[in-house]
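Down below is the structure, laid out as structure tokens.
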Ligand SMILES: Nc1ncnc2c1ncn2[C@@H]1O[C@H](COP(=O)(O)OP(=O)(O)OP(=O)(O)O)[C@@H](O)[C@H]1O
Ligand SMILES: [Mg+2]
């Protein structure tokens, strides 16, 4: 017999394949957060003076703030004093100078994840920065990038080597007090990637950062800063995984992008943090602030995200379209299964004239998961001829899950054009039976239908990533039909 | 090939089929006619394995195996094909993608390797020509925005590509215009073979003018109340179903 509604639900018992733990000796701070911890952090990272002030200011602001409650997600209050704010694999003074100095256990962990850090084994054309818990452990293809004048390194290194550059831009898109999680991140961030593409340079390869949470009871607070100078172009990829643990773990990242005149940044994410088990136990709390400033004229930023992991995702990659004729794009696939919750979307803030934005959001909900799109399109006075197109589609697999759409539109400029389309559909038993009658298993049918549903977003991903994303969707839906 | 014996089927405790007997041998064409709601589609669904139907009595064997024990996709891979009365739409999935995935899953089942991309394209283009379809249909989402007739023709395209052994056509002729009916019938005739059997559910003699059946059965109130040769269809057209239904009651 073909899959019934009940069986469709079962189709969603996925197996998380990146859930292993790597045993390492680590330097880990005891849990707890106060000014002393921040001082220690600043010290251990050997940062320039201004950073201490920056961090303390953020921390003091954070203490006055409250965890946001407006999102459509439920979780018990987080005890921020029970989290450790620094964990790093034990190593020599300054961190590895070359791959030979990286702990072989870590290299092995990345290999297991399908991300060999060995430059010979890497796909040509992708440079990788690997962030393991709180620190960056390896950046590949550094010399090749240097020839092109591109800076791609851990942000902690950038703070030491290019302090003025970092100081000029850090917090200029996401100020320290922007929101609760951004403030916390600004106070305690430990590592992440820094990218600077000089004027007129087209980055010769894809840049990629791979984030891995390993240690228990630690939060990961990474910070990414990408600056595309005039007329430059860069495509940046980000991937994430974590071990399976019964406790929830906090991941509160901040990503800032700055595109100057005629520059373009393409930022793609495949987020596969541990989502928790079938009963909703464990999993990552993914509370992320991502924002781009299209500061220059004719600049362009594209966010593409495939979100399949995390117990809770709270994330709104946004574009502030400051420059005239600038373009912001957001392409998103968010899949939630079992007890996962996602509240994700984007903000497009039109400030410059003739600014354009496109939002394509595909939400897939299975099991008992809740999937929310929350988007804001804001057109300020003076943003003449601003245009936005939003398309928001939800797909339900089974009948215990939910999809919600909250589009907010604020238009202060009469010549603006804002269009919004939304659909909700369900994978029907008839569709599944039809596919089975043509010889496909119910699982392959669901995977095919879901992939078809996401096609418009996948085509925005770089080739290798698109393949990975498709495979991931299939995996995430494993067990979701009889 | 197909042997149905005293088949009783219920839907949520409501008996729909009440003792169907039917034997289909390789190469034969059987037409099933009968009033609305008599259980024709139910029979096609039970044969192809749709959920929601309970076999309460009787048995169905296909090539000597108990068909009701097989998962729907296994039946399909073993050669049972249903052209749906109401084909569903699958947004985002192109026709050509579905066809390829379907063909490959059937090939895999038979221990064959995946079809070569060029061979597949050649095969599919030939079938598209056979059914006088526009090649652009291949790249459109399955049945999305297709007209009623186009959907039916698309079902036959799938059948022509997958080359099943037992083809069940549920009112494929309904909704087709006169020219389309001819094209579809020619398509069916072109894949006729001594090994391939057809069960055609229809309301109209017209289809049978183009595809000559070996047997015609009348299904009423969940039973086959009369069987005969092609002439039975003509008689029905003339006299209506009350003629056989009454006869049964009498
Ligand atoms: N899920 C269901 N629940 C209740 N009754 C059903 C269900 N499915 C089918 N039936 C009933 O079973 C009977 C047979 O339906 P079926 O679709 O097989 O008829 P049919 O002979 O194909 O009719 P038509 O010529 O109109 O296509 C009808 O009375 C129908 O209402
Ligand atoms: Mg019917």
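Protein chains in written order, with our numbering: chain A, 1 to 482; chain B, 483 to 732.
Don't be surprised by glycine CBs; every beta carbon is placed ideally from N, CA and C.
Given the structure is predicted, the values throughout are model-derived calculations rather than measurements.
- Residues of chain A with a Cβ closer than 9 Å to the Cβ of residue 497 of chain B do not exist; the shortest Cβ-Cβ separation is about 18 Å.
- Comparing alpha carbon positions, the residue from B:648, B:720 and B:525 closest to residue 687 of chain B is B:720.
- The segment 654-668 of chain B and the segment 621-640 of chain B touch, with three or more beta-carbon pairs separated by less than 8 Å.
- Counting the other Cβ atoms within 10 Å of the Cβ of residue 488 of chain B gives fewer than 16, which makes it exposed.
- Residue 528 of chain B: member of the alpha helix (DSSP H) spanning 522-530, first to last residue.
- The Cβ atoms of residue 195 of chain A and residue 141 of chain A lie no closer than 7 Å to each other.
- As DSSP reads the structure, residue 572 of chain B sits in a beta bridge with B:624.
- Here the residues close to ligand 1, judged by CB distance below 5 Å to any of its heavy atoms, are B:493, B:498, B:518, B:519, B:520, B:521, B:522, B:523 and B:524 in chain order.
- The beta carbon of residue 448 of chain A sits closer than 7 Å to some beta carbon of chain B.
- Distance from residue 522 of chain B to residue 658 of chain B at the Cβ level is roughly 18 Å; contact not present, criterion being Cβ atoms closer than 8 Å.
- In the three-state scheme derived from DSSP, where H, G and I count as helix and E and B as strand, residue 262 of chain A is classed as coil.
- Placement of the Cβ of residue 567 of chain B at a distance of less than 6 Å from at least one heavy atom of ligand 2 is found.
- Of all residues in the segment 635-663 of chain B, only 640 and 644 come within less than 8 Å of chain A when Cβ atoms are compared, listed by chain position.
- Beyond the five residues adjoining it in sequence on each side, residue 508 of chain B comes within less than 7 Å, by CB distance, of 483, 676, 677 and 679 in the same chain, given in chain order.
- Annotation: residue 301 of chain A to residue 63 of chain A spans about 33 Å, alpha carbon to alpha carbon.
- Around the beta carbon of residue 350 of chain A, a 10 Å sphere encloses 16 or more other beta carbons of the protein chains shown; the residue is thus reported as buried.
- Under the Cβ criterion (8 Å, minimum of three pairs), the segment 339-356 of chain A counts as touching the segment 386-394 of chain A.
- Runs of alpha helix (DSSP H) with 4 or more residues, each lying fully within the segment 677-713 of chain B, are found at 687-692, listed in chain order.
- Contact of residue 588 of chain B with chain A by beta-carbon distance below 7 Å involves 439.
- When only Cα atoms are considered, residue 369 of chain A and residue 335 of chain A end up about 9 Å apart.
- Counting only unbroken stretches of 3 or more residues, the beta strand (DSSP E) elements lying wholly within the segment 263-302 of chain A are 264-271 and 283-294, in sequence order.
- When C-alpha distances from residue 621 of chain B are compared across B:704, B:564, B:574 and B:717, the shortest belongs to B:574.
- For residue 655 of chain B, no alpha helix (DSSP H) segment is defined, and its DSSP state is neither H nor E.
- Counting C-beta atoms within 10 angstroms of its own C-beta, residue 525 of chain B has 16 or more neighbours from the protein chains shown and is therefore classed as buried.
- When DSSP states are grouped into helix, strand and coil, residue 592 of chain B belongs to the coil group.
- Between the alpha carbons of residue 623 of chain B and residue 54 of chain A lies a distance of about 53 Å.
- Contact check for residue 258 of chain A and residue 173 of chain A: beta-carbon distance about 6 Å, within the 8 Å limit, so the pair qualifies.
- The beta carbon of residue 198 of chain A sits closer than 6 Å to those of 149 and 229, all from its chain and outside the five residues before and after it, given in chain order.
- Under the three-state reduction of DSSP, residue 205 of chain A is assigned to coil, being neither helix nor strand.
- Residue-level contact by beta carbon fails for residue 72 of chain A and chain B, as no gap is shorter than 7 Å.
- Taking 7 Å as the upper bound on Cβ-Cβ separation, chain A lies near residues 530, 531, 532 and 533 of the segment 523-540 of chain B.
- For residue 223 of chain A, there is no enclosing alpha helix (DSSP H); the enclosing beta strand (DSSP E) has its first and last residue at 223-228.
- Chain A has a Cβ within less than 7 Å of the Cβ of residue 564 of chain B.
- Judged by DSSP in its simplified three-state form, residue 725 of chain B adopts helix.
- Under the DSSP assignment, residue 329 of chain A falls in the beta strand (DSSP E) whose first and last residues are 327-336.
- Interface annotation, residue 572 of chain B: in contact with chain A, CB-CB separation under 7 Å.
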